[in-house]
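**Student:**
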Amino acid sequence: MQDYIKGLNERQKEAVLHIQGPIMIIAGAGSGKTKVLTTRIAHLMASGIDAFNILALTFTNKAAREMKERIEHILGGNEARNLYIGTFHSVFARILRAEAHRIGYPNNFTIYDTDDAKSVVKAVINEMHLDDKLYKPSQVYNRISSAKNALVSPADYATDYYVQQEDIRANRPAIAKIYDSYCKRCFKNGAMDFDDLLLKFYELLKTNPESLSKYQHKFKFILIDEYQDTNPAQYEVIKLLGAMHENVCVVGDDAQSIYSFRGATIQNILQFQKDYDEVKVVKLEQNYRSTQTIINAANDVIGKNKGQIPKVLFTENAEGEKIRIVKTMSDNEEGKFVADSIQEQKLRNHFLNKDFAILYRTNAQSRAFEEALRRMAIPYTMYGGVSFYQRKEIKDLVAYLRLIINSRDEEALKRIINYPVRGIGKTTIDKIILLANTHNKTMWEILVEAAQHGFRAGTLEVINNFVTMIRSFSSMLEKHNAYEVAFHVGKNTNLVRELFNDKSTEGLQRYENIQELLNSIKEWVESPDNEDGEVVDKGLGAYLQQITLLTDADEKDPDADTVKLMTIHAAKGLEFECVFAAGLEEMLFPNAMSINTREELEEERRLFYVVVTRAKKKLWVTYANTRYKFGQLVQNEPSRFIEELPEQLLDRSYAGGGTKMSNNFGGSAFERMNSGFGGGWSGGKKAAEDAEKRYGPPPSKKSATPSYLPPKMEKKVTDHTPTENFVANEVTELAVGQKVEHQKFGFGEIIKMEGASHNPMAIIKFETNGEKKILLNYARLRIVG
DNA sequence: TGGAGTATACTTTTT
DNA sequence: GTATACTCCA
Numbered sequence: 001m002q003d004y005i006k007g008l009n010e011r012q013k014e015a016v017l018h019i020q021g022p023i024m025i026i027a028g029a030g031s032g033k034t035k036v037l038t039t040r041i042a043h044l045m046a047s048g049i050d051a052f053n054i055l056a057l058t059f060t061n062k063a064a065r066e067m068k069e070r071i072e073h074i075l076g077g078n079e080a081r082n083l084y085i086g087t088f089h090s091v092f093a094r095i096l097r098a099e100a101h102r103i104g105y106p107n108n109f110t111i112y113d114t115d116d117a118k119s120v121v122k123a124v125i126n127e128m129h130l131d132d133k134l135y136k137p138s139q140v141y142n143r144i145s146s147a148k149n150a151l152v153s154p155a156d157y158a159t160d161y162y163v164q165q166e167d168i169r170a171n172r173p174a175i176a177k178i179y180d181s182y183c184k185r186c187f188k189n190g191a192m193d194f195d196d197l198l199l200k201f202y203e204l205l206k207t208n209p210e211s212l213s214k215y216q217h218k219f220k221f222i223l224i225d226e227y228q229d230t231n232p233a234q235y236e237v238i239k240l241l242g243a244m245h246e247n248v249c250v251v252g253d254d255a256q257s258i259y260s261f262r263g264a265t266i267q268n269i270l271q272f273q274k275d276y277d278e279v280k281v282v283k284l285e286q287n288y289r290s291t292q293t294i295i296n297a298a299n300d301v302i303g304k305n306k307g308q309i310p311k312v313l314f315t316e317n318a319e320g321e322k323i324r325i326v327k328t329m330s331d332n333e334e335g336k337f338v339a340d341s342i343q344e345q346k347l348r349n350h351f352l353n354k355d356f357a358i359l360y361r362t363n364a365q366s367r368a369f370e371e372a373l374r375r376m377a378i379p380y381t382m383y384g385g386v387s388f389y390q391r392k393e394i395k396d397l398v399a400y401l402r403l404i405i406n407s408r409d410e411e412a413l414k415r416i417i418n419y420p421v422r423g424i425g426k427t428t429i430d431k432i433i434l435l436a437n438t439h440n441k442t443m444w445e446i447l448v449e450a451a452q453h454g455f456r457a458g459t460l461e462v463i464n465n466f467v468t469m470i471r472s473f474s475s476m477l478e479k480h481n482a483y484e485v486a487f488h489v490g491k492n493t494n495l496v497r498e499l500f501n502d503k504s505t506e507g508l509q510r511y512e513n514i515q516e517l518l519n520s521i522k523e524w525v526e527s528p529d530n531e532d533g534e535v536v537d538k539g540l541g542a543y544l545q546q547i548t549l550l551t552d553a554d555e556k557d558p559d560a561d562t563v564k565l566m567t568i569h570a571a572k573g574l575e576f577e578c579v580f581a582a583g584l585e586e587m588l589f590p591n592a593m594s595i596n597t598r599e600e601l602e603e604e605r606r607l608f609y610v611v612v613t614r615a616k617k618k619l620w621v622t623y624a625n626t627r628y629k630f631g632q633l634v635q636n637e638p639s640r641f642i643e644e645l646p647e648q649l650l651d652r653s654y655a656g657g658g659t660k661m662s663n664n665f666g667g668s669a670f671e672r673m674n675s676g677f678g679g680g681w682s683g684g685k686k687a688a689e690d691a692e693k694r695y696g697p698p699p700s701k702k703s704a705t706p707s708y709l710p711p712k713m714e715k716k717v718t719d720h721t722p723t724e725n726f727v728a729n730e731v732t733e734l735a736v737g738q739k740v741e742h743q744k745f746g747f748g749e750i751i752k753m754e755g756a757s758h759n760p761m762a763i764i765k766f767e768t769n770g771e772k773k774i775l776l777n778y779a780r781l782r783i784v785g
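With UniProt numbering, letter number 518 in the first sequence gets 518, and the count goes up by one each step, no holes.
1) Could you spell out the range, first to last residue, of the alpha helix (DSSP H) harbouring residue 556?
2) Would you mind reading off the limits of the beta strand (DSSP E) that contains residue 197?
3) Does the region 485 to 499 come close enough to the region 368 to 384 to have 3 or more Cβ pairs within less than 8 angstroms?
4) Using CA coordinates, which residue listed in 373, 360, 331 and 652 is at the minimum distance from residue 340?
5) Does DSSP classify residue 240 as helix, strand or coil?
6) Under 8 angstroms, do residue 296 and residue 231 count as touching if we go by C-beta distance?
7) Classify residue 338 as helix, strand or coil using the three-state DSSP reduction.
8) If I follow the unbroken alpha helix (DSSP H) through residue 540, where does it start and stop?
9) Using 8 angstroms as the threshold, is the region 340 to 357 in touch with the region 511 to 524, meaning 3 or more CB pairs across them?
10) Note down the Cα distance separating residue 364 from residue 584, rounded to an integer number of angstroms.
11) Only counting runs of 4 or more residues, tell me where the alpha helix (DSSP H) segments fall wholly within the region 110 to 174, in order along the chain.
12) For residue 406, which beta-bridge partners are listed by DSSP?
13) Cα separation between residue 154 and residue 179?
14) Near residue 388, which residues of its chain fall below 6 angstroms by C-beta distance, leaving aside the five closest residues on each side in sequence?
15) On a CA-only basis, which of 488, 259, 345 and 371 is nearest residue 335? Give me that one, please.
16) Apply the 10 Å Cβ neighbour rule to residue 622 and answer buried if 16 or more other Cβ atoms are within range, or exposed otherwise.
17) Taking 7 angstroms as the limit between beta carbons, can you name the residues of its chain near residue 13, skipping five residues before and five after?
18) When DSSP builds the beta bridges, which residues end up paired with residue 382?
19) Whether or not the region 232 to 250 and the region 197 to 204 are in contact is what I'm after, with contact meaning three or more pairs of Cβ atoms, one per stretch, closer than 8 angstroms; do they touch?
20) Would you call residue 169 buried or exposed, if buried means 16 or more other Cβ atoms sit within 10 Å of its Cβ?
21) Can you list, in chain order, the residues of its chain whose CB lies under 8 angstroms from that of residue 135, leaving out five sequence neighbours each side?
22) What whole-angstrom Cβ distance do residue 286 and residue 261 have, given they're in contact under 8 angstroms?
23) I'd like the span of the beta strand (DSSP E) that includes residue 24, first residue to last.
24) Please report the straight-line C-alpha distance between residue 424 and residue 415, rounded to a whole angstrom.
25) With DSSP collapsed to three states, give me the class of residue 300.
26) With residue 467 as the anchor, note down where its alpha helix (DSSP H) starts and where it stops.
27) Please go through the same chain and pick out, in chain order, the residues whose beta-carbon is closer than 6 angstroms to the beta-carbon of residue 572, but skip the five residues on each side of it.
28) Keeping to the same chain, check which residues put their C-beta closer than 7 angstroms to that of residue 100; ignore five residues upstream and five downstream.
29) Select from 398, 402 and 462 the residue whose C-alpha is nearest the C-alpha of residue 429.
30) Here's a check: name, in chain order, each residue in its chain whose Cβ is nearer than 8 angstroms to the Cβ of residue 626, leaving out the five neighbours to either side.
31) Short of 8 angstroms in beta carbon distance, which residues of its chain neighbour residue 442, apart from the five on each side in sequence? Order them along the chain.
32) Please state whether DSSP places residue 329 in a helix, a strand or coil.
33) May I have the straight-line CA-CA distance separating residue 616 from residue 321, to the nearest angstrom?
34) By DSSP, does residue 2 sit in helix, in strand, or in coil?
35) Are the Cβ atoms of residue 651 and residue 324 separated by less than 8 angstroms?
36) How far does the beta strand (DSSP E) with residue 511 in it extend, from its first residue to its last?
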C-alpha cells in the first residue's frame, strides 16, 4: 500500500480509494477534509489518471493554493502543476478567455469587480431617471446578484410573480428593468461581473454542444470543495460537466453552511444523491483538531438546529480546558480583556502571536481589538479590508490598462478620461454618454469619431489627444509584456508624476503603492510558473483577469507571527490554538437582521458552530454589556448561544455574576484575571512596558512603519493614555484658544469652532497627532489647566 | 473644477 | 464614531 494511504483512518481511506462513480463526503469540522481531498487527487494520479483530466474547484484562492502545495508534497516532482485546481471564478474565467466569443463576448472581456458593477447599476438607474434614494445601487446590485446566482434571467425575473410582488411591496418595481439594462450594458462593455463568470460559463456549456463535450472529455474527474456553499449556478455547471463520466466528488459539511445570503443552498447536498443512480456517501466524523470539551460543546450547539444531515463529531484528543465565558462592561473593555489575555497566555504558556485569533460577527467590531492590541504592542493582521487592487490609485492605473485591452470598458474609460486632468469635464462626459446611448455606440467609439459630433474646437482637440494616446498604448501590446506597457502608461499619462509631486503622507503612500503595483506586474511577468502546462500568457489581459479575482486575504502571509483578526465567515476552514469568539450579544450575534425566521437563526447558529470549532486548545467566548453602535451607546443582553452551551463545559469565573461583581472591577481585565496568580505579574501597565521592551515603542506618526504593524496600516495614531479621573467638560464650555485633552488623540489646542449649533465641531491641533476635526456631540474633551 | 461642507450608511460577502 | 459619497459654492 502506498505511503500516503497509511496516515488515514478507515473512513478517510474509503473516501480516497473510491475512484469510479459519484461520491459525497460529509466532512465534519476538523475531520481532515483537505487531507482527504489532496490524498484523493494524489491517489488518482498514482492510479494512472492524467493530471490534465482532473479538475478541482474551491471557493478561495488560498484553499486552491494550499491544495496544490499539499499534492505536490505528496507526489514530489512537478506532475501536480498540470492539475486544474482553482476557484470556480478563476477556472471559469480562464476557460472563458478561450471561449467567450462563442457566446458573443470578446475573449479579452473585462472582469468587473463589485465596485465596477455597482457603478454600472448606478449609471443605469440615473439614465432611467429613477430615484436613487429608493433605488440604492448596492441594494439593487445585491438583488441582481441573487437573481444571477439562482439562474434567474432578466426575463424570468420580470415575469416571476413572487419576485415581482416582493419588489412591488418594497416600492421598487423597476428593478426588473434595471436588471435587464444592467446585463445589456455589461454585454455592450464587453464585461462580466463575478456572477457572470459562473453564469456565462453555464450558458456556454448549455448552448454549445462542442464546448460542453470538450470540457466533459477534458475533466474526467471533478472534485468540489466546500460543496455546501455552492449556489444553483455552480451546481448546474458541475452537473453538466460531470454528466459524461459521473466521476464527481463533492466534499462539504451542511453544519458549516454560512453563505446562504450569497445564494448558497444546502439543497445542493441533498439533491446530489438524487442526481446519480448510485452515490457513495462517506461521513468523516472523527475530529483531529479540537479538545473533547470543544467538540462536545460544538455538538450540543449544532444539535439545536432542526434541518441537518445527522452526524456526531467525536475526538480522541484530550479533554482540555473549559470554555471561558467572559463578560465585560463595554466593547473597549472587551478589547482590552482580549489583548491582556493574549499577552498573559503568551507569557505563561509560550504561545506565539499566530496561535491566536479574534473572531467576530461584523467587521465594525475590529476597532476595539485593534486599539487594544496596538496599545500592548501585540502585532496583528486584520483581514477583511480593501484589497490592494481596490485602492484608488491602483484602480486608476489599472483602468488605463483595462481600456487599452478592451476599449468597450466604459467603467475604465469614465474613470480616467479626465484623470490626470486634461480638460474633459462633466459637461463633455455627459454629452459623450448621451451620444453613445442615442447612437447605440460605446463611449470610445464616440470619442474616435468625435469630429462628427460638434464638440467645441478646444474640447475636440483634447479628445483627439486622448484617443491618440490610448491608441499608442494599445499598439504596444503586440511587442511588449504587461510590465513594459504598464510602466510606459504610468509615465506617459503623468499619473506617476502627479502622485510623486504630492508630498503629503497619503500622497507618498499612493506613490509607493503604484511602485509596488509596477513591481508586482514585473514579478508576475518574470515568474516562470506554467500552470496547466499550457502556453503561459504573460500578456496584459491575463494579468488583469488575475488581479480582479484576488482579495485582501491573498495578499497577506498566513504564517506571519501575528494575531489574526477577522469575521467568522472569513475564518471558515482555518484553525487556531486559541480562539476568542467576541461580541456574543443578542442583536449582534445572532444579528438583528437574522432572527426573523428559523432558517436565518439556524444559519447564525451554524456560524457559532463554525467559530467554536476553529479552536484547537482554548476557547474564550466574550460579550460586552454596552457597545457603541453607529455612534450610539447601546445595552446588550448576552447571546442566546451562550446559554445553548452545556453549563458543565463552561468556566464563568471570569464573567462576574452580574453588576455586583463588576463594580469591583477597578483595573483592567488583565489585573482582575491575574490577581489570583500569586504575584510575579502585577498588571496591564507593566505588561505594556514589557511589550515595549520586546517590540519597541508603540507606533507613532513620525516613525516609519514599525515592523510589527501590518503593512496596510496607513492611519497611525499615537496612543494616548488619558489622565487619571478624566472628566469631560460640557460642549458649551469649549472655546477657541483653549488647551484640551482628548482621550485618544491627547493634548491639543482648539484652533477653530464650526458647524451648526446642533452639530458643533472643533478643529484641534494636537501635539502628537496633527490637526483633527472633532465632532463635539461624540468626542469628550477635558479643558486643561 | 475642485475642495470643503454636508449627508448618509453601517451584517455576513469566499469571487 | 467613522468612512465615504454627494453637493454646492467660489
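Quick reminder that beta carbons are idealized off the backbone N, C-alpha and C, glycines included.
**Tutor:** If we stick to the structure as given:
1) Numbered from its first residue, the first sequence carries residue 556 at position 556. Per DSSP, residue 556 belongs to no alpha helix (DSSP H) and is neither H nor E.
2) The residue you call residue 197 lines up with position 197 of the first sequence. Element bounds for residue 197: not the beta strand (DSSP E) but the alpha helix (DSSP H), 194 to 207.
3) no
4) As a working mapping, residue 340 is identified with position 340 in the first sequence. Considering only alpha carbons, the answer is 373.
5) The sequence position of residue 240 within the first sequence is 240, counting from 1. If DSSP states are grouped into helix, strand and coil, residue 240 belongs with the helices.
6) Stepping through the first sequence from its first residue, residue 296 is reached at position 296. Stepping through the first sequence from its first residue, residue 231 is reached at position 231. Contact flag unset, no.
7) Locating residue 338 in the first sequence gives position 338, where the first residue counts as 1. Residue 338: helix per DSSP, three-state reduction.
8) Counting from 1 along the first sequence, the entry for residue 540 is found at position 540. Unbroken alpha helix (DSSP H) run through residue 540: 540 to 548.
9) By the Cβ rule, the region 340 to 357 does not count as touching the region 511 to 524, because fewer than three pairs are nearer than 8 angstroms.
10) In the first sequence, residue 364 corresponds to position 364, counting from 1. In the first sequence, residue 584 corresponds to position 584, counting from 1. One C-alpha to the other measures close to 14 angstroms.
11) 114 to 127, 137 to 149, 154 to 159 and 161 to 169
12) Along the first sequence, one-based indexing puts residue 406 at 406. Beta-bridge pairing links residue 406 to no other residue.
13) Your numbering for residue 154 matches position 154 in the first sequence. Your numbering for residue 179 matches position 179 in the first sequence. Distance between the alpha carbons of residue 154 and residue 179: 6 angstroms.
14) For this step, residue 388 is matched to residue 388 along the first sequence. Around residue 388: 555.
15) If you number the first sequence from 1, residue 335 lands on position 335. Closest in C-alpha terms to residue 335, from the list 488, 259, 345 and 371, comes 371.
16) Residue mapping note: residue 622 aligns to position 622 of the first sequence, counting from 1. Residue 622 counts as buried, since no fewer than 16 other beta carbons sit within 10 angstroms of its beta carbon.
17) Reading the first sequence from its first residue, position 13 is the one you call residue 13. The residues are 5.
18) Taking the first sequence and counting its residues from 1, the one referred to as residue 382 is at position 382. Answer is 565, bridged to residue 382.
19) yes
20) Within the first sequence, residue 169 is the residue found at index 169, counting from 1. Exposed, because fewer than 16 other Cβ atoms sit within 10 Å of the Cβ of residue 169.
21) Reading the first sequence from its first residue, position 135 is the one you call residue 135. Hits under 8 angstroms: 125, 172, 174, 175 and 178.
22) Numbered from 1 along the first sequence, position 286 holds the residue referred to as residue 286. Numbered from 1 along the first sequence, position 261 holds the residue referred to as residue 261. The pair is not a contact, with the Cβ atoms about 31 angstroms apart (cut-off 8 angstroms).
23) Start at 1 with the first residue of the first sequence, and residue 24 comes out as number 24. Looking at the DSSP string, the run of the beta strand (DSSP E) that includes residue 24 is 23 to 27.
24) For the purposes of this step, residue 424 is taken as residue 424 along the first sequence, with counting starting at 1. For the purposes of this step, residue 415 is taken as residue 415 along the first sequence, with counting starting at 1. Near 12 angstroms, if we compare the C-alpha coordinates of residue 415 and residue 424.
25) Start at 1 with the first residue of the first sequence, and residue 300 comes out as number 300. In this structure, residue 300 counts as helix in the three-state DSSP scheme.
26) Counting from one through the first sequence, the residue named residue 467 turns up at place 467. Run containing residue 467: 457 to 474, per the alpha helix (DSSP H) assignment.
27) Reading the first sequence from its first residue, position 572 is the one you call residue 572. Cβ neighbours of residue 572 beyond the five flanking positions: 610.
28) Translated into the one-based positions of the first sequence, residue 100 becomes position 100. Contacts found: 106, 107 and 109.
29) Position 429 of the first sequence, counting from 1, holds the residue named residue 429. Checking every option, the nearest Cα to that of residue 429 belongs to 462.
30) Start at 1 with the first residue of the first sequence, and residue 626 comes out as number 626. Once the five neighbours on either side are set aside, the close Cβ partners of residue 626 are 329, 330, 331, 633, 634, 635 and 636.
31) The residue labelled residue 442 in the question sits at position 442 within the first sequence. So the qualifying residues of the chain are 188, 189, 407, 408, 410 and 436.
32) On the first sequence, residue 329 is found 329 positions in, with the first residue counted as 1. Residue 329 falls in the strand class under three-state DSSP.
33) For the purposes of this step, residue 616 is identified with residue 616 of the first sequence, where counting begins at 1. For the purposes of this step, residue 321 is identified with residue 321 of the first sequence, where counting begins at 1. The alpha-carbon atoms of residue 616 and residue 321 are separated by roughly 11 angstroms.
34) Taking the first residue of the first sequence as position 1, residue 2 is located at position 2. Residue state, collapsed to three classes: coil.
35) Stepping through the first sequence from its first residue, residue 651 is reached at position 651. Stepping through the first sequence from its first residue, residue 324 is reached at position 324. A contact, by the Cβ cut-off of 8 angstroms.
36) In the first sequence, counting from the first residue as 1, residue 511 sits at position 511. Looking at the DSSP string, residue 511 is not in any beta strand (DSSP E); the run it does join, the alpha helix (DSSP H), is 505 to 526.
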